[in-house]
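Report on the following structure.
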Amino acid sequence: MTFVAKPRVHHPKLPLNELGLTRRDYEGSVSTLCAGCGHDSVSAAIVQACANLSLPPHRFAKVSGIGCSSKTPSYFLSKSHGFNSVHGRMPSVATGANLANRQLYTIGVSGDGDSASIGLGQFAHLVRRRINMLYIVDNNGTYGLTKGQFSATNDKGSTNKRGVPNLYEPIDLVSMALQLGASFVARSFSGDKNQLVPLIQAGLQHKGMAFIDVISPCVAFNNHNGSTKSYDYVRGHAHPVVGVDYVAEAEEITADYAPGTTENVRMPDGSNLRLRKLDDSYDPHDRVGALNYVQTHQAQGEVVTGLLYVENDPMDCHDILRTVEAPLNTLREAELCPGSGPLDRINASYR
Amino acid sequence: MSVTYNDFVIRFANVNGSGSASANGMFAKALFRMGIPVGTRNIFPSNIQGLPTWFEVRVSEKGYLGRRDGVDIMVAMNAETFDEDVASIRPGGYLFYDNSKPLAKNLRRSDVHEIGVPLATLMLGEFSDPKQRGLFKNITYLGALAGLLNIEFDVITGMVSTQYKGKDDLIAPNIRALEVGRSYAVDYLQAPLPLQVRRTDKVGDRIMVDGNTAAGLGAVYGGATVCAWYPITPSTSLAEGFERYANQLRRDKETGEARFAIVQAEDELSAIGIVIGAGWNGARSFTATSGPGVSLMSEFLGLAYFAEIPAVLFDIQRAGPSTGMPTRTQQSDLISCAYASHGDTKQVLLFPSTPKECFDFAADALDLADRLQTPVIVVSDLELGMNDNMSAPFVWDDARAYDRGKVLSAEDLDGMSRFGRYLDVDGDGIGYRTLPGTHPDKGAFFTRGTSRDEYAAYTESPEAYERNMQRLLKKWDTAKTLVPAAEIVDAGHDCGLIYLGTTATPMQEALDLLEAEGIGVDTCRVRAFPFTQAVEDFVAKHDVVFVVEQNRDGQLRMLISNELETTPAKLVPMCYYAGLSISAEFIRQGVSDYFKTNKLPRLAEVSS
Ligand SMILES: Cc1ncc(C[n+]2csc(CCOP(=O)(O)OP(=O)(O)O)c2C)c(N)n1
Ligand code: SF4
Ligand SMILES: [Mg+2]
Numbered sequence: 001m002t003f004v005a006k007p008r009v010h011h012p013k014l015p016l017n018e019l020g021l022t023r024r025d026y027e028g029s030v031s032t033l034c035a036g037c038g039h040d041s042v043s044a045a046i047v048q049a050c051a052n053l054s055l056p057p058h059r060f061a062k063v064s065g066i067g068c069s070s071k072t073p074s075y076f077l078s079k080s081h082g083f084n085s086v087h088g089r090m091p092s093v094a095t096g097a098n099l100a101n102r103q104l105y106t107i108g109v110s111g112d113g114d115s116a117s118i119g120l121g122q123f124a125h126l127v128r129r130r131i132n133m134l135y136i137v138d139n140n141g142t143y144g145l146t147k148g149q150f151s152a153t154n155d156k157g158s159t160n161k162r163g164v165p166n167l168y169e170p171i172d173l174v175s176m177a178l179q180l181g182a183s184f185v186a187r188s189f190s191g192d193k194n195q196l197v198p199l200i201q202a203g204l205q206h207k208g209m210a211f212i213d214v215i216s217p218c219v220a221f222n223n224h225n226g227s228t229k230s231y232d233y234v235r236g237h238a239h240p241v242v243g244v245d246y247v248a249e250a251e252e253i254t255a256d257y258a259p260g261t262t263e264n265v266r267m268p269d270g271s272n273l274r275l276r277k278l279d280d281s282y283d284p285h286d287r288v289g290a291l292n293y294v295q296t297h298q299a300q301g302e303v304v305t306g307l308l309y310v311e312n313d314p315m316d317c318h319d320i321l322r323t324v325e326a327p328l329n330t331l332r333e334a335e336l337c338p339g340s341g342p343l344d345r346i347n348a349s350y351r
Numbered sequence: 001m002s003v004t005y006n007d008f009v010i011r012f013a014n015v016n017g018s019g020s021a022s023a024n025g026m027f028a029k030a031l032f033r034m035g036i037p038v039g040t041r042n043i044f045p046s047n048i049q050g051l052p053t054w055f056e057v058r059v060s061e062k063g064y065l066g067r068r069d070g071v072d073i074m075v076a077m078n079a080e081t082f083d084e085d086v087a088s089i090r091p092g093g094y095l096f097y098d099n100s101k102p103l104a105k106n107l108r109r110s111d112v113h114e115i116g117v118p119l120a121t122l123m124l125g126e127f128s129d130p131k132q133r134g135l136f137k138n139i140t141y142l143g144a145l146a147g148l149l150n151i152e153f154d155v156i157t158g159m160v161s162t163q164y165k166g167k168d169d170l171i172a173p174n175i176r177a178l179e180v181g182r183s184y185a186v187d188y189l190q191a192p193l194p195l196q197v198r199r200t201d202k203v204g205d206r207i208m209v210d211g212n213t214a215a216g217l218g219a220v221y222g223g224a225t226v227c228a229w230y231p232i233t234p235s236t237s238l239a240e241g242f243e244r245y246a247n248q249l250r251r252d253k254e255t256g257e258a259r260f261a262i263v264q265a266e267d268e269l270s271a272i273g274i275v276i277g278a279g280w281n282g283a284r285s286f287t288a289t290s291g292p293g294v295s296l297m298s299e300f301l302g303l304a305y306f307a308e309i310p311a312v313l314f315d316i317q318r319a320g321p322s323t324g325m326p327t328r329t330q331q332s333d334l335i336s337c338a339y340a341s342h343g344d345t346k347q348v349l350l351f352p353s354t355p356k357e358c359f360d361f362a363a364d365a366l367d368l369a370d371r372l373q374t375p376v377i378v379v380s381d382l383e384l385g386m387n388d389n390m391s392a393p394f395v396w397d398d399a400r401a402y403d404r405g406k407v408l409s410a411e412d413l414d415g416m417s418r419f420g421r422y423l424d425v426d427g428d429g430i431g432y433r434t435l436p437g438t439h440p441d442k443g444a445f446f447t448r449g450t451s452r453d454e455y456a457a458y459t460e461s462p463e464a465y466e467r468n469m470q471r472l473l474k475k476w477d478t479a480k481t482l483v484p485a486a487e488i489v490d491a492g493h494d495c496g497l498i499y500l501g502t503t504a505t506p507m508q509e510a511l512d513l514l515e516a517e518g519i520g521v522d523t524c525r526v527r528a529f530p531f532t533q534a535v536e537d538f539v540a541k542h543d544v545v546f547v548v549e550q551n552r553d554g555q556l557r558m559l560i561s562n563e564l565e566t567t568p569a570k571l572v573p574m575c576y577y578a579g580l581s582i583s584a585e586f587i588r589q590g591v592s593d594y595f596k597t598n599k600l601p602r603l604a605e606v607s608s
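So the sequences go chain by chain: A and B.
Here the first sequence stands for residues 1 to 351, numbered as in this note's numbering.
Here the second sequence stands for residues 1 to 608, numbered as in this note's numbering.
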């Protein structure tokens, strides 16, 4: 792997966003993942979403655990700092990073091994803490980096490359997130950028923890007939519930909407998230209903994708802790050190 | 009758959760306020209610505050442990007990003075509520002790008034209970005893506080903004101390908003992960734990060492291995902290021995972590952390600025041609870092636990890997010049004695006892790892070096043998590890026996 930046020659036809930047300004170094790896599509979708939103490309804190998926923060937003930490512990590092500076966009990328096995505890507790971040799991149902062992999200009965079936029950991170009180829960597919890009945009704008489980096939170890996380399987069984389009306040989007009811969700920054219900019975504000829906369809072998649940006025961890508006990492002696004054009183209290 | 003043050990035997702690604490505080040095120790079980607990006070005009075997006055309030409590009294000592019921014959000792006070009976006449009777019994024995030992009564009543300020209806019954006890002692017993206290001026401006509270306060002063922790005895009160003082001193006066964030994490893995995430993002952060937590944090500590992230960790040691004796003290995490993690790692350690040093080292550790871009572990123990220790008062120099280390600003980056995160620009092994979000185009880099070159690019080049590992060693050498210096007393003796942390508490007494036997040794109190040059010189110049420590395997001795050019043969291990704190007598005996066995010359022989 190298860290040589791609030449940033602006293609004259690339559209400029509000900051006068093109998509290229949001890219990272050249990926060293296998050609065709779903994770690269997820990185591309993150690039597109950040460019679409005209976010400053250097104002992100990118954190990850260990795995092929966790390498990807190198491959997007190279103007921002990234931290490839230890296996399964991205949530704690993200928590610390976000506590230190609440004004950066925190993006965490993890794998299904990283989040559903070794890091399951950290995943659960991050949800509880409501850290303001976008949390993406590149879910390929396998341990890519250690060469194809089963992961905990693998469906019972699905086979590995050698045809050996998985004997154990799967963990569904989406259902867990719903149950643990996550305020934004979505699922998508790496190959469906029309759905994924708007979901990432919505997740970035969401205050609190936005969780997106992205089914992201591993072409090296888990893209064969017996796998339920392969391109073909997911394409054939995907069941989108809610289409999402992020609408910046200034801009009106009308044309793209398929028929059906729509609903506006107010985002904390004042902009609107427009939800499109493909299924009239689906209510993205009903946590219990969402859980039920996901699991009912799962039982029928269908993968529900889309924005499954979003809370209207979520709080984040800083709201809960009532921390000051200024990032904690900017505070200096004057704001932090009580000075010698109070020490007389304190010393006296111990005499 | 000859009277001994201000020199005894008193032990209170109670039942955990019976409300005795406050009366016992007031006893120690009263003597302290009379200017008498006191050392206090809680000996308690890993249990919330019902099991035995002891509180011991060493009273010493000379300021000998280490643990001393043998009890002069036993306040035996726990029927269950009465046997062993009576047995622990020194011949000629005193047994204070509730004689509402007569003492069984087999519990009596002819060589011990019995002081019976009918506490239960006295309470019957005073309080109608049985619960109150139980609680005020503690205050009543305090009153009786005041009479017996000649404690200034208004010192105690003054304390009751301040303690219950705002709950005024509690003041009168407490003072009443005190008076009941004292009157009984004065009217019916031979009070005061030949063992007494009297006002003196040996306390000076010192304070009495536990090391954990001091460290928590030090972290507030040192500018920590993120605290993540997971409860474990004996470290919990450190995070709680930080929280208490941060709430007092770090909230915006108008909005009440916090200039700090405290997270009780789901486990120690998460706690250290939060600290490292915050440190990476430029906030001063810390966690507090004990041995089992250090084990869990090890993988992350390796990451922080190799990826060069500032982080501060307080390890309040307890008796291991595993859950060991979780409410007893030891110094047995030295190795697990010094070399925490896999691969070639070395961690910077600081060893406080008083609450003042806990306060100072907390702030120093935050500076050092930023300066050295590495974890700094403050290694304390239960003895220091959880007991009230006498200490010099806290001092803060208002001219002191935080040392935030080498962090580049946007302007710095503008003035640079190419930023290399791991370039050794200054030759001290420490690179310049940037914080996330600093500059639109420059200074961003990828932090990883994998090998990289000077420009933070991933590499598996053998040369680049070795260069980086060598630079980390150079940084280690730089650390030797920055950590707190050892405290060395060198009178030119042939033998030296090395120790750290709370082994300092009984040290002066031990040295005085040895001197009385004609034995002189130079001393070196190590205050940090890596060892400074002065420590290396100290070991080199002495023929014999006693290494006194509180663990089984001689972990400080291992560190010295490992890190310094010396023959382990001259390092004489002296290990106490039974879970109580080390005593002066243990040290005296070890050194004295060595002198005898090896027929080393005594002071008088040398000078004659
Ligand atoms: C503590 C620890 N245990 C094991 C490993 C080895 N390891 C590296 S990546 C990985 C699994 C990654 O799987 P996943 O998170 O699903 O990522 P993917 O490669 O599939 O994207 C494992 C077990 C490690 N790095 N650290
Ligand atoms: S092994 Fe699988 S997950 Fe890893 S890069 Fe290759 S395709 Fe992607
Ligand atoms: Mg995977």
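Quick reminder that beta carbons are idealized off the backbone N, C-alpha and C, glycines included.
Only a predicted model underlies this, so the values are computations on that prediction, with no experimental measurement involved.
Going by alpha carbons, who is nearest to residue i out of the options?
i              : options                           : result
L173 (chain A) : A:D155, A:P73, A:P338 and A:G163  : A:D155
H125 (chain A) : A:V93, A:N101 and A:Q103          : A:V93
D490 (chain B) : B:A457, B:T450 and B:V545         : B:V545
V63 (chain A)  : B:L513, B:W280, B:D111 and B:D129 : B:W280
D424 (chain B) : B:L65, B:Q470 and B:T505          : B:Q470
E84 (chain B)  : B:G66, B:W54 and B:R68            : B:W54
M159 (chain B) : B:L149, B:G420 and B:I139         : B:I139
A210 (chain A) : A:T146, A:M315, A:H224 and A:T153 : A:M315
Round the Cβ separation of residue i and residue j to the nearest angstrom and send it over; I've been treating them as touching at under 8 Å.
i              : j              : result
N139 (chain A) : I46 (chain A)  : N139 (chain A) to I46 (chain A), Cβ: 15 Å. No contact.
I115 (chain B) : L95 (chain B)  : 7 Å
A228 (chain B) : T289 (chain B) : Not confirmed; about 10 Å, so no contact.
L500 (chain B) : F351 (chain B) : 4 Å
Residue i and residue j: beta carbons closer than 8 Å?
i              : j              : result
S117 (chain A) : S151 (chain A) : yes
C575 (chain B) : N598 (chain B) : no
P234 (chain B) : M386 (chain B) : yes
R102 (chain A) : G256 (chain B) : no
V220 (chain B) : P355 (chain B) : no
G222 (chain B) : A444 (chain B) : no
V197 (chain B) : R33 (chain B)  : no
A457 (chain B) : S353 (chain B) : no
For the beta strand (DSSP E) holding residue i, just list the boundary residues, first then last.
i              : result
C524 (chain B) : D522 to V526
T106 (chain A) : Y105 to G111
W229 (chain B) : V226 to W229
R187 (chain A) : F184 to F189
Y97 (chain B)  : I89 to D98
State the start and end residues of the unbroken alpha helix (DSSP H) segment that holds residue i.
i              : result
F12 (chain B)  : No alpha helix (DSSP H) contains F12 (chain B), which is instead part of the beta strand (DSSP E) from D7 to V15.
N247 (chain B) : T236 to L249
Can you list, in chain order, the residues of its chain whose CB lies under 6 Å from that of residue i, leaving out five sequence neighbours each side?
i              : result
Q149 (chain A) : Y143
A410 (chain B) : T438 and H439
V483 (chain B) : A528
A258 (chain A) : Model confidence at A258 (chain A) stands at a pLDDT of 42, short of 50, so the residue's coordinates are unreliable; what they give is reported in the following sentence. For A258 (chain A), where only same-chain residues beyond five positions count, there are no Cβ hits under 6 Å.
P12 (chain A)  : none
Excluding five sequence neighbours on each side, which residues of the same chain lie with their C-beta closer than 7 Å to the C-beta of residue i?
i              : result
R345 (chain A) : none
L513 (chain B) : A584 and R588
R467 (chain B) : none
Q201 (chain A) : A49, N52, L53 and Y246
If I measure Cβ to Cβ from residue i and keep anything under 8 Å in the same chain, skipping five residues before and after, which residues do I get?
i              : result
D192 (chain A) : A238 and T305
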